[in-house]
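The next block holds one structure in the form of structure tokens; read it before the comments.
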Amino acid sequence: FFFSSRRRHTRYGTVTGVQTCALPILGLTVVYVTHDQVEAMSMADQIILLRLGEIVQVGAPEEIYNSPNSVFSAQFIGLPPMNVLNLNDIDTSTLDSKIKSALESSSIKNIGVRPEHLMFSKKGLPATVKSIDYFGGETVFKLTHQEKDFFLREPRQPKIQLGDELCVSWNLDDMYLFDKNDQRLKS
Numbered sequence: 449f450f451f452s453s454r455r456r457h458t459r460y461g462t463v464t465g466v467q468t469c470a471l472p473i474l475g476l477t478v479v480y481v482t483h484d485q486v487e488a489m490s491m492a493d494q495i496i497l498l499r500l501g502e503i504v505q506v507g508a509p510e511e512i513y514n515s516p517n518s519v520f521s522a523q524f525i526g527l528p529p530m531n532v533l534n535l536n537d538i539d540t541s542t543l544d545s546k547i548k549s550a551l552e553s554s555s556i557k558n559i560g561v562r563p564e565h566l567m568f569s570k571k572g573l574p575a576t577v578k579s580i581d582y583f584g585g586e587t588v589f590k591l592t593h594q595e596k597d598f599f600l601r602e603p604r605q606p607k608i609q610l611g612d613e614l615c616v617s618w619n620l621d622d623m624y625l626f627d628k629n630d631q632r633l634k635s
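Take the sequence shown: its letters are residues 449 to 635, numbered as in the numbering used here.
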């Protein structure tokens with residue numbers, strides 16, 4: 449534990465130093481290769497996201513995070529990753545009427561919602577709490593709906609216990625739609 453905690457703090461200091469001191473002064477362009485999305489998101493001005501040697505998406509970290517062009521991009525960037533649920537695996541009858549009408553197109557296969565955009569609610573998708581990870585400033589809940597797992601990130605510590613059955617919802621503007629080829633449908 450000590451080693452990984454120390455490594456994380458050392459990496460943060462090193463990344464900050466490189467970003468604020470070395471690169472601007474030296475005027476260098478650096479190509480940095482990493483499999484660590486946290487490093488990529490924190491260090492990069494631009495990211496080239498590769499899958500099996502092919503370019504999947506190019507953009508600034510916030511562009512790829514907020515506008516992923518595919519399921520791969522959506523789930524690669526972000527911790528926890530974007531929740532991507534197949535429409536055949538969820539009970540859409542419990543969803544808000546605006547969301548249900550947005551899902552009427554036959555070209556939609558999956559919906560995506562970032563964990564921080566899900567919220568506990570009185571109505572919505574029924575889910576059971578499978579695990580709870582408390583991180584101080586936030587709590588991440590692993591939930592399950594019809595045997596499909598997904599995450600909800602909450603900035604507080606709500607009084608929710610393992611095994612609780614509750615509902616989650618999201619705003620229409622926070623939902624991503626993907627086709628049968630896992631490409632994002634533009635709204």
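Even for Gly, the Cβ is constructed at its ideal location relative to N, Cα and C.
For residue j and residue i, the rounded distance between their alpha carbons
{"i": "residue 599", "j": "residue 628", "result": "23 Å"}
{"i": "residue 556", "j": "residue 539", "result": "15 Å"}
{"i": "residue 618", "j": "residue 558", "result": "15 Å"}
{"i": "residue 554", "j": "residue 498", "result": "29 Å"}
{"i": "residue 602", "j": "residue 589", "result": "8 Å"}
{"i": "residue 506", "j": "residue 494", "result": "7 Å"}
{"i": "residue 452", "j": "residue 487", "result": "Because the pLDDT at residue 452 is just 46, under 50, the model does not fix this residue reliably, and the point stays unresolved."}
{"i": "residue 489", "j": "residue 509", "result": "5 Å"}
{"i": "residue 580", "j": "residue 610", "result": "7 Å"}
{"i": "residue 551", "j": "residue 608", "result": "30 Å"}
{"i": "residue 562", "j": "residue 531", "result": "6 Å"}
{"i": "residue 491", "j": "residue 583", "result": "23 Å"}
{"i": "residue 445", "j": "residue 477", "result": "With the chain covering 449 to 635 only, the question about residue 445 has no answer from this structure."}
{"i": "residue 630", "j": "residue 500", "result": "16 Å"}
Cβ-Cβ distance between residue i and residue j below 7 Å
{"i": "residue 496", "j": "residue 512", "result": "no"}
{"i": "residue 578", "j": "residue 592", "result": "yes"}
{"i": "residue 568", "j": "residue 614", "result": "yes"}
{"i": "residue 622", "j": "residue 565", "result": "yes"}
{"i": "residue 544", "j": "residue 596", "result": "no"}
Residue i - partner residues in DSSP beta bridges
{"i": "residue 524", "result": "Per DSSP, none; premise fails for residue 524."}
{"i": "residue 480", "result": "None; residue 480 has no bridge partner."}
{"i": "residue 581", "result": "588"}
{"i": "residue 567", "result": "617"}
{"i": "residue 532", "result": "560"}
{"i": "residue 597", "result": "592"}
{"i": "residue 637", "result": "The displayed coordinates of the chain run from 449 to 635. Any statement about residue 637 would go beyond what the structure contains."}
{"i": "residue 542", "result": "According to DSSP, which records beta bridges pairwise, residue 542 is partnered with nothing at all."}
Residue environment, residue i, which counts as buried when at least 16 other CB atoms sit within 10 Å
{"i": "residue 573", "result": "buried"}
{"i": "residue 594", "result": "exposed"}
{"i": "residue 620", "result": "exposed"}
{"i": "residue 604", "result": "exposed"}
{"i": "residue 517", "result": "buried"}
{"i": "residue 625", "result": "buried"}
{"i": "residue 560", "result": "buried"}
{"i": "residue 616", "result": "buried"}
{"i": "residue 519", "result": "buried"}
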